[in-house]
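Colleague: Heads up: the protein sequence lines correspond to chains A and B, in order. Position one of the first sequence corresponds to residue 17 (my numbering), numbered consecutively onward. Position one of the second sequence corresponds to residue 17 (my numbering), numbered consecutively onward. C-beta: ideal position from N, C-alpha, C; glycine also.
Protein chains: 2
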Amino acid sequence: MKTVSMERDTVHVFAPATVANMVCGFDVLGFALYDPGDEVIIRRVEEPGVRLVNITGDDGRLPRQVSKNTVSASVVSFLQHIGRTNIGIDMELHKRMPIGSGLGSSAASTVAGLYAINTLLGSPLSRRELLPFAMQGEELACGHGHADNVAPALLGGITLIRGYDPVDVVALPVPPALHASVVFPHVDVPTRDARQMIRTKVALKDAVTQWGNIAGLVAGLFTDDYALIGRSMQDVLIEPTRAILIPEFYEMRRLAMEAGALSFGISGSGPSVFAFARSAEQATYVTSIIQTHLTEQGIGSNGYVSGINMEGPRELRD
Amino acid sequence: MKTVSMERDTVHVFAPATVANMVCGFDVLGFALYDPGDEVIIRRVEEPGVRLVNITGDDGRLPRQVSKNTVSASVVSFLQHIGRTNIGIDMELHKRMPIGSGLGSSAASTVAGLYAINTLLGSPLSRRELLPFAMQGEELACGHGHADNVAPALLGGITLIRGYDPVDVVALPVPPALHASVVFPHVDVPTRDARQMIRTKVALKDAVTQWGNIAGLVAGLFTDDYALIGRSMQDVLIEPTRAILIPEFYEMRRLAMEAGALSFGISGSGPSVFAFARSAEQATYVTSIIQTHLTEQGIGSNGYVSGINMEGPRELRD
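1. Which runs of the alpha helix (DSSP H) spanning at least 4 residues fall entirely within the stretch 59 to 141 of chain B, listed in chain order?
2. What three-state label does DSSP hand residue 318(B) in the structure shown?
3. Candidates 332(B), 330(B), 321(B): which alpha carbon is nearest residue 35(B)'s?
4. Mind reading off the beta-carbon distance from residue 110(B) to residue 53(B)? Whole number of angstroms is fine, and I expect it under 8 Å.
5. Does DSSP put residue 275(A) in a helix, a strand or coil?
6. How do the stretch 290 to 299 of chain B and the stretch 84 to 103 of chain B stand: do at least 3 beta-carbon pairs fall below 8 Å, yes or no?
7. In chain order, what residues of the stretch 73 to 95 of chain A put their CB closer than 9 Å to some CB of chain B?
8. When DSSP labels each residue in this structure, what does residue 193(B) get in the three-state scheme?
9. As a quick exercise: from 196(A), 195(A), 147(A), pick the residue whose alpha carbon is nearest that of residue 180(A).
10. At 7 Å on the CB atoms, spell out the chain B contacts of residue 203(A), in chain order.
11. Distance check for residue 121(B) and residue 115(B), CA to CA, integer angstroms please.
12. Can you tell me the Cα-Cα spacing of residue 38(A) and residue 182(A), whole angstroms?
13. Thinking C-beta only, is residue 133(A) closer than 9 Å to residue 91(A)?
14. So if I threshold CB-CB distances at 9 Å, which residues from the stretch 148 to 164 of chain A count as touching chain B?
15. For the stretch 240 to 259 of chain B against the stretch 246 to 264 of chain A, are there 3 or more C-beta pairs whose distance is under 8 Å?
16. What does residue 175(B) pair with, by DSSP beta-bridge criteria?
17. What in chain B is Cβ-close to residue 244(A), meaning under 9 Å?
18. Indicate the three-state DSSP secondary structure (helix, strand or coil) for residue 225(B) in the structure shown.
19. What in chain A is Cβ-close to residue 248(B), meaning under 7 Å?
20. I'd like to know whether the C-beta of residue 278(A) is nearer than 9 Å to at least one C-beta of chain B.
21. Starting from the N-terminal side, write out each stretch of the beta strand (DSSP E) that is 3 residues or longer and does not extend beyond the stretch 278 to 319 of chain A.
22. Is it buried or exposed for residue 324(A), if we count other Cβ within 10 angstroms and need 16 for buried?
23. Can you pull the chain A neighbours of residue 259(B), defined as C-beta to C-beta under 7 Å?
24. Does the CB of residue 17(A) have a neighbour CB from chain B at under 9 Å?
25. Since residue 148(B) is in the alpha helix (DSSP H), which residue starts that stretch and which ends it?
26. Give the interface partners of residue 217(B) over in chain A, defined as CB-CB distance under 9 Å, in chain order.
27. Tell whether a beta-carbon distance below 9 Å holds between residue 47(A) and residue 174(A).
28. Out of curiosity, what's the CA-to-CA distance linking residue 117(B) and residue 300(B)?
29. Locate the beta strand (DSSP E) running through residue 36(A), then write down its first and last residues.
30. Report the CB separation of residue 343(A) from residue 108(A) in whole angstroms; it is logged as a contact under 8 Å.
31. Compare the Cα-Cα distances from residue 124(B) to each of 169(B), 161(B), 164(B) and report the closest residue.
32. Does the Cβ-Cβ distance between residue 51(B) and residue 33(B) come in under 9 Å?
33. Just confirm the distance between the C-beta atoms of residue 152(A) and residue 159(A), as a whole number of angstroms; I'd bet it's less than 8 Å.
34. Is it right to say residue 331(B) is buried, meaning 16 or more other beta carbons lie within 10 angstroms of its own, or is it exposed?
35. Leaving out five residues before and five after residue 17(B) in sequence, what residues of the same chain have Cβ atoms less than 8 Å from its Cβ?
36. From residue 261(A) to residue 178(A), what distance separates their C-alpha atoms?
As structure tokens, then:
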């Protein structure tokens, strides 16, 4: 039974950053963070049409045109789908997270916008029904309509994209003590370039290693087996190529693992890195030693510590 | 705590046939059947040394030399490991399943032998500790020491070989209604040839599809989600090549899926095929329509219907 909600005049939404790939699940796994994330405010106005009236926190890097900005463009697609193109909407996007960080920046913005417009109109669609619109937004932002960031940003938790024909999202369980340490080193690795470096052919034996590992990771998540989770999170295919673009990658990994992290790897296409830890304290420690090391090398960074965000987007009451 | 058991004079063991790969888990997944399987009888005798005194059911195809036959060779390795080479052993191997069928024939024999000698000597090793000896047997029989047949034959249930360095076997849960339909068509596909046909390089996008599917299958097994199990069991990498060697493969699949099977695919390197069904009745029906179709095409076959064997090898009390 669908809950019928009232339409509203203003909605303010936060949607989370996400870590895609999770080391052994290239293009199919991802999870949501509590921090950082983006905010979108949508106001209903008299004049029909969708307008982007304010964007902050992007240093002018994002498109201002409604049809080119992923947030407004996906809201327009949503309104066309539900037959409400006559409505008047003013949108604000407040970036509270770095762009080009490998933390699903465009996905966080797009999901915040879609969740906001859906809430404003009384939730005509379910969260899962918003996914295709969010994937369109990714297509516009990154040149490919993958769901490995938008699915966890929208649904929360750890998500598996089993397949795309049709899109099949499986929610995976989250062991209670699991925490993430995330560090964004201030070096520039555009997603498009990072994807282009990856070989289109891989050795079958490496692929077998990879799918043994992803199967082990899923089993570890279902059984709260932290050791199995840790030893499954290895990447013999993508990481060796992408790590080249990330200064100090192997030293950061050594430090994280020495500090007791379960696993360490690249977040999405980088340059952000993440580690899984068994407690908030351990994740805090891992973040701090990685950031200290980067500072010593003259590299600035943002550091985060977060549990796995089971909620996805949430409304902020002003 | 290790249970200390008495040494015995005679042990008679059955070990099961197994289905490796499970469509989307090439070289890493497998499960055990109740039927068919092989039997080994081990008797303690005065004269030191290991002897193969009787082999039946193999049409003379298996080596009679102790060092060349996988069953006796792995028993010798085991005795060397535990320092009991002075013992006298007469072994009988009774093949109760077809050789070269893709149903783990060598694994069933080897596991039966190892389980029998271990039981005879009061179980000095655990089942998991027998695995390396069984893998040595596979090396001798097939030219590669994979564990995807010996692990389920030895441990029962559905097993994942997460990795080989060191070997890491994860037991996966088995949804209660799951049953297997298995058909061995009487055509010859030697394992070595079937492996050699497989390309050593694969497209990354196909590998991504494959690991999305294996992750979905593992999640489906943990949640008793039969529909997810079914739609995850697809193989875009290996099956297209191996299916060429199996007459009527696509017609058998069409018939099985029409009859309500959850999934259909090649068992190991073939030519046996298997389907998952949601009940013994459905599995029985699927086996019968596949065998009927093969008969109409002039192809003989063996048909089996089995739940997932959770036990692995078992002692037969004569």
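Modeller: Once the coordinates are examined:
1. 86 to 98, 121 to 136
2. strand
3. 321(B)
4. So it is not a contact: roughly 10 Å between Cβ atoms.
5. coil
6. no
7. none
8. coil
9. 147(A)
10. What residue 203(A) touches in chain B: nothing, since even the nearest Cβ is about 25 Å away.
11. 6 Å
12. 23 Å
13. Residue 91(A) is a Cβ neighbour of residue 133(A), given a cutoff of 9 Å.
14. none
15. no
16. The partner list for residue 175(B) (beta bridge, DSSP) reads 46(B), 187(B).
17. 178, 184, 186
18. helix
19. 178
20. no
21. 279 to 282, 289 to 293
22. buried
23. Here the premise fails: no neighbours, minimum Cβ distance about 17 Å.
24. Unreliable positioning characterises residue 17(A) in this predicted model, as indicated by a pLDDT of 47, which lies under 50. The coordinate reading is nonetheless provided below. Cβ-Cβ to chain B under 9 Å: no for residue 17(A).
25. Residues 143 to 158.
26. 217, 218, 219, 220
27. A distance below 9 Å separates the beta carbons of residue 47(A) and residue 174(A).
28. If I take the Cα positions, the gap works out to 20 Å.
29. 26 to 36
30. For residue 343(A) there is no data in the structure shown, the boundaries of chain A being 17 and 334.
31. Closest by alpha carbon: 169(B).
32. yes
33. Not confirmed; about 12 Å, so no contact.
34. exposed
35. With a pLDDT of 48 at residue 17(B), under the threshold of 50, the modelled position of that residue is not reliable, and the figure given next carries that caveat. If we look at residue 17(B) and ignore the five residues flanking it on each side, it has no Cβ neighbours.
36. 29 Å
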